[in-house]
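Let me begin by presenting the structure, written as structure tokens, before commenting on it.
4 protein chains.
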Amino acid sequence: MQVFAQFGAGRIGKIHAGNLAAVGGARLKYVIDVNQEAAGDLAKLYGASVTDIETALADKEVTAVLICSPTDTHSNLIERAANAGKAIFCEKPVDLSMDRVNACLETVKKAGVPLMIGFNRRFDPNFAEVKRQIEAGVIGKVEQVIVTSRDPSPPPATYSRSSGGMFRDMTIHDFDMARWLLGEEPVSVFAVGSVLVDPEIGKEGDIDTATVIMTTSSGKQAVISNTRRAAYGYDQRIEVLGEKGMLQAGNKPISTVSASLHDGIVSEKPMPFFLERYADAFKLELATFLKAINEKGALNPSGEDGRKALRLADAANESMASGKPVAV
Amino acid sequence: MQVFAQFGAGRIGKIHAGNLAAVGGARLKYVIDVNQEAAGDLAKLYGASVTDIETALADKEVTAVLICSPTDTHSNLIERAANAGKAIFCEKPVDLSMDRVNACLETVKKAGVPLMIGFNRRFDPNFAEVKRQIEAGVIGKVEQVIVTSRDPSPPPATYSRSSGGMFRDMTIHDFDMARWLLGEEPVSVFAVGSVLVDPEIGKEGDIDTATVIMTTSSGKQAVISNTRRAAYGYDQRIEVLGEKGMLQAGNKPISTVSASLHDGIVSEKPMPFFLERYADAFKLELATFLKAINEKGALNPSGEDGRKALRLADAANESMASGKPVAV
Amino acid sequence: MQVFAQFGAGRIGKIHAGNLAAVGGARLKYVIDVNQEAAGDLAKLYGASVTDIETALADKEVTAVLICSPTDTHSNLIERAANAGKAIFCEKPVDLSMDRVNACLETVKKAGVPLMIGFNRRFDPNFAEVKRQIEAGVIGKVEQVIVTSRDPSPPPATYSRSSGGMFRDMTIHDFDMARWLLGEEPVSVFAVGSVLVDPEIGKEGDIDTATVIMTTSSGKQAVISNTRRAAYGYDQRIEVLGEKGMLQAGNKPISTVSASLHDGIVSEKPMPFFLERYADAFKLELATFLKAINEKGALNPSGEDGRKALRLADAANESMASGKPVAV
Amino acid sequence: MQVFAQFGAGRIGKIHAGNLAAVGGARLKYVIDVNQEAAGDLAKLYGASVTDIETALADKEVTAVLICSPTDTHSNLIERAANAGKAIFCEKPVDLSMDRVNACLETVKKAGVPLMIGFNRRFDPNFAEVKRQIEAGVIGKVEQVIVTSRDPSPPPATYSRSSGGMFRDMTIHDFDMARWLLGEEPVSVFAVGSVLVDPEIGKEGDIDTATVIMTTSSGKQAVISNTRRAAYGYDQRIEVLGEKGMLQAGNKPISTVSASLHDGIVSEKPMPFFLERYADAFKLELATFLKAINEKGALNPSGEDGRKALRLADAANESMASGKPVAV
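Chains as they are written, first to last, in this note's numbering: chain U, 82 to 409; chain Y, 82 to 409; chain R, 82 to 409; chain W, 82 to 409.
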């Protein structure tokens, strides 16, 4: 039985707490959040109690922490939890600064604690099946990867200030996905970005529409197609071409219902946003974390995966600024 | 906070217990099963304890029961729980004998306790969306309903003895679905049945392949297509034709992945069987039960829904025996 | 080079004439139609001339006839063409009267000329592929056949007078399809019919919505689902369940385009009606006829196929009248 | 009635001749091909005669020519036909040399004859429907265009010598498609190319796998994804993202049949190659040409469209050579 302290009682925190209750063999002991009311509500729902960081980390019964608080608290909490000897699950990113990420991962390494980064999409049963078929050799050698990743609607323009910009906030998931599917590190990144959705985003120095090409040393090609606004919902698809065929993972529709009407055949839109689209992924992610710490196995995606995805995001920003491909 | 006793710790019992833990606001206090080991394992996983029927029903703290034990225990447990004043959720069917069903429902009525029957498919988000669109008038007046319901593989031939035969065991879900979608009671049932899958099933006096036509007084037509063996998995689809169009709910594939290969485009089969296919339905079913008893609202599907579906199953058996349509 | 006389210059006549021009190796010499203007226009388009029945049949150069004139002229033209020694392609049905059909087929037999009946759907590349896979053993032994056949909108109510009613006019195609796919003759027909679309059709003594169940001696089951009004267009689908799996042929959409919009994913409706849906079928049907008469091979669907489909339609009418299954 | 001379009796020539016969209102008078046997066979099938270039162009009855001979004869035949005052349909490309293209288009302009270039894909009913919906405002302003265009298998490596390389031979269709869908000229082209399919192609200095990004002055982004080998067939898809939604045109499967089997749901591959995939497009292309010359309307795609697509192909080659985006 693993005993958990959870940092963050927001929308993603609720998901993790519910999944922790359902999975069996784990207990949520503490909820910590600056919003005391949110912490209290969540604690009550699952029989936990509200406390502060110090108490939670000092409690020897606590073996693992779930970090789902705001981005700028991640690296600090990781370091403190690492020094307290807890197994750590942390939502992406470790930090927006590469230096800070490096320092943080160094601390984790010294502490010798397990750390898993919440690149939840790897646990999506659809994308995981693509990966499984690649590894099973169904399409032979991978040649092209196309990641389509579009948010349903843009965040407030001012969000760019804290998020680190589109490539580090949003595309970072796609960089991880592309790396994972290519099975080979990109060596070159070329990115174009436009402001087509909200001019205010442009005023903040960010973009809202982007296309990225990456190539690997063996000549594999990857494309990422991003926008902050897809009128039809959260668009999350993958296509992988290999020498023996193509794998595709489509969107997960809200339901399988279609209505054949006078004006056309109307089927359901994709699940509205990440909480719904990746509900299964969050569940499997947590179960994987729990299983790995129970069995003292390796944790993936690792801190290093977090670092590499950030490196690609930084390269995309450089490419966009210079108008040229950037070697990584 | 509702406190539950659960009868049955088998595969469907595990599903309900996990859903009860995740939903929040409910507590599983007791698990009762003749298989003490199964009861113990399940109880441990969710912090409940093992007990016997008497103790569970005598405990005033227990407000609700989940009955997911074998079919032949249902009506007895319903009556005892009703007399103990508990809110009752019971898997289908109440009983295989219409007389016994009538007596049992009478007891529940006298006790004045809420009773919900586990026609889980009504809670499937796909079928529920079909129902929602019908009620929203998307296709106007309903004219034809086609329910395709095929099991992946036949049960042991001897299962016919305890199950009451294909129409009462398997098709009963489809009779409920057809009634629910037609929005009007069938007045005529014509059924044909064949033994095409397993001759042993025929020797037991049962069938494994069936087609049923029902009509309503206003001339609506419903078709049910059943088989005990679909090589491609658990086939659960619905089609409703109305004056303004057609609604269809297709199978839920294991994943959205397709592999485009030299020999064809291979996509995933439907979820293998009911535990997977109706995982969401079981969750929503339980949440609906919990909400209804919390809010003292009406429970659907009701005992009466259970009785009417059984009546149609009995009519199908009569039709098959006589070779003629049967009025109901 | 086969030389053709074509009876009928209406919409289906235009299709055949165009296909005859494109296929190569055939020449349209005469067009015959009581509508002289239509005959003239069509003749001009493809370099043919207008004439009368006698002249066309007396011309020794003419080796084959295409009969696509109104239904009540079919049997007479078949007999005259047979007596003139021409190869005959005739649209369905031979006649609405079984006696007349028998007499006509007798004449053809005596004349020893080839006769092909225009059950065009057998040449639809989708349905033909279903048949091919059945024969290749892909799904093993056939167990259930479901034919969905829905017209986009009802004909004038008075059309029932000349058409012979829904089963003989519309469902006859589906009876042929079911026979072809079952690979075994139905021995029992049970039909229900309703008037749900147009009360005027009911006043003429016809129906507009129907479901038919047929069974074969080995226990195979076939369902036909018909309506005269599908708001979403011409609905022509087939499903065949066998011991090793299921084959489905879906509708052919107007295009493959889908629009993912705020209100749903909108894809194209099926091809509007038979001229579009079966454009490829008409082409392949004619090519098959031409090839068969060039090579003196067997013609399918034959006159006997026409007779058997009519027998099933008559049985459906009897069943509907009596409320009981009819043995055939 | 337009009278045609056709240059080229190869596989695409046969398609055009058959379409010309079926469309009505046109007559094929001459077939010209260095392969006299092919010319003779085709002429016989449609009642034409074989002749030489001079005779065909000197015949005053001939009003239009179809040029479907090898690429290196195109510009010469265009100029001669233009000088003879014929309406001209020519398969792409006009020529591989931009200088030669410019000179040829100048000649056509001086002669004042209509010229249409065979970018057949614009007439594909699926892609045309995408264009129609864009122009109808269904998705609002276009933001991203993704063209997937993959051949089933590579040509002989030596084909690169005469074809002008992948971008000018194959991608040229996609450049035209992207221009047409963007509704705005690309101003920047970045291309990456790899040899992943056949090392021999690399030895000839060509590539077999490519990704191209183009941007327009308003910030629209277009991606082309190419390969010479798609194990699953000829892959021709389009996706257009706009402010109000997304349009997609998928592949056209060989049939709509799917087989649900123990190992998965197997549906049909895309039409094998361009003759099948674009059969409807070729028909509509020719009908459009005929209609335009009959009505003396504008011809599209024009010679200028041919020139602009070639310019993009040349830019892609420059980009690949320099490793940098190229302004156009």
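Where is the CB? At the ideal position from N, CA and C, for every residue including glycine.
Against chain Y, the CB of G331/W has no partner CB under 8 Å away; the residue lies outside that interface. Just measuring C-alpha positions, the residue of W261/Y, V276/Y, A145/Y sitting nearest Q225/R is V276/Y. Looking from the CA of Y313/R, the closest CA among L342/U, D287/U, A238/U belongs to L342/U. Using a Cβ-Cβ cut-off of 8 Å, T290/W counts as an interface residue toward chain U, since at least one Cβ of chain U sits closer than that to its own. Sixteen is the threshold: when 16 or more other Cβ atoms of the shown chains lie within 10 Å of the Cβ of G89/Y, as they do, the residue is buried. Identification of residues in the region 181 to 197 of chain U having a C-beta nearer than 9 Å to some C-beta of chain R yields an empty set. Nearest CB-CB separation between Y127/R and chain Y: not below the 8 Å threshold. Scanning chain Y for C-beta atoms nearer than 9 Å to the C-beta of K325/U yields L342, H343, reported in chain order. Interface annotation, V347/Y: in contact with chain W, CB-CB separation under 8 Å.
Under the three-state reduction of DSSP output, M82/W falls in the coil class, being neither helix nor strand. When DSSP states are grouped into helix, strand and coil, M251/U belongs to the coil group. Separation of T290/W and E135/W (C-alpha to C-alpha, rounded to the nearest whole angstrom) is 42 Å. For S348/R, same chain residues with a beta-carbon under 6 Å away, outside a window of 5 residues either side, are S339 in chain order. If the five residues before and after S130/Y are omitted, its C-beta is found closer than 8 Å to the C-beta atoms of K110, Y111, V112, A124, all from its own chain and listed in chain order.
Between T292/W and I305/W, the gap from beta carbon to beta carbon is short of 8 Å. No Cβ of chain W is located within less than 8 Å of the beta carbon of A408/U.
Rounded to whole angstroms, the separation of the alpha carbons of F271/U and A119/W is 49 Å. Proximity of chain R to Q214/W at the Cβ level (cut-off 9 Å) is accounted for by V338, A340, in chain order. Residues of the same chain with a CB within less than 8 Å of the CB of E210/Y, apart from the 5 flanking positions on each side, are A330 in chain order. One alpha carbon belongs to N157/U, the other to A184/U, and they sit about 11 Å apart.
Among the residues of chain Y, those whose CB is under 7 Å from the CB of Y313/W are S341, L342, H343, I346, following chain order. Per the C-alpha coordinates, the member of D122/U, A137/U, V146/U, A311/U positioned closest to G199/U is V146/U.
Cβ-Cβ distances below 6 Å link E399/W to V407 in the same chain, with the five nearest sequence neighbours on each side left out; the list follows chain order. Taking 8 Å as the threshold, the shortest C-beta distance from P206/U to chain Y falls below it. For the pair G323/U and I220/U, the CB atoms are nearer than the 8 Å cut-off. For Y240/U, the enclosing alpha helix (DSSP H) begins and ends at 240 to 244. Taken through DSSP and simplified to helix, strand or coil, T369/W comes out as helix. It is roughly 7 Å from the alpha-carbon of V104/U to the alpha-carbon of G99/Y.
Using a Cβ distance threshold of 8 Å, A163/Y and T188/Y count as a contacting pair. The DSSP assignment places 145 to 148, 168 to 172 as complete runs of the beta strand (DSSP E) inside the region 116 to 183 of chain U, in order along the chain (cut-off: 3 residues).
Among the CB atoms of chain R, one or more fall inside 8 Å of the CB of V219/W. Contact between H97/W and L367/W is confirmed by a C-beta separation of about 6 Å, below the 8 Å threshold. Relative to the Cα of N375/R, the nearest Cα in the group A168/R, R92/R, G94/R, A137/R belongs to A168/R. Inside the region 314 to 381 of chain U, DSSP marks whole beta strand (DSSP E) runs of 3 or more residues at positions 316 to 323, 326 to 330, 338 to 342, 345 to 348, from first to last along the chain. Contact with chain R is found for S275/Y, since one of that chain's Cβ atoms lies less than 8 Å from the residue's Cβ. Within the same chain, P195, M197, A373 come within 6 Å of L380/R by CB-CB distance, once the 5 residues on both sides are set aside.
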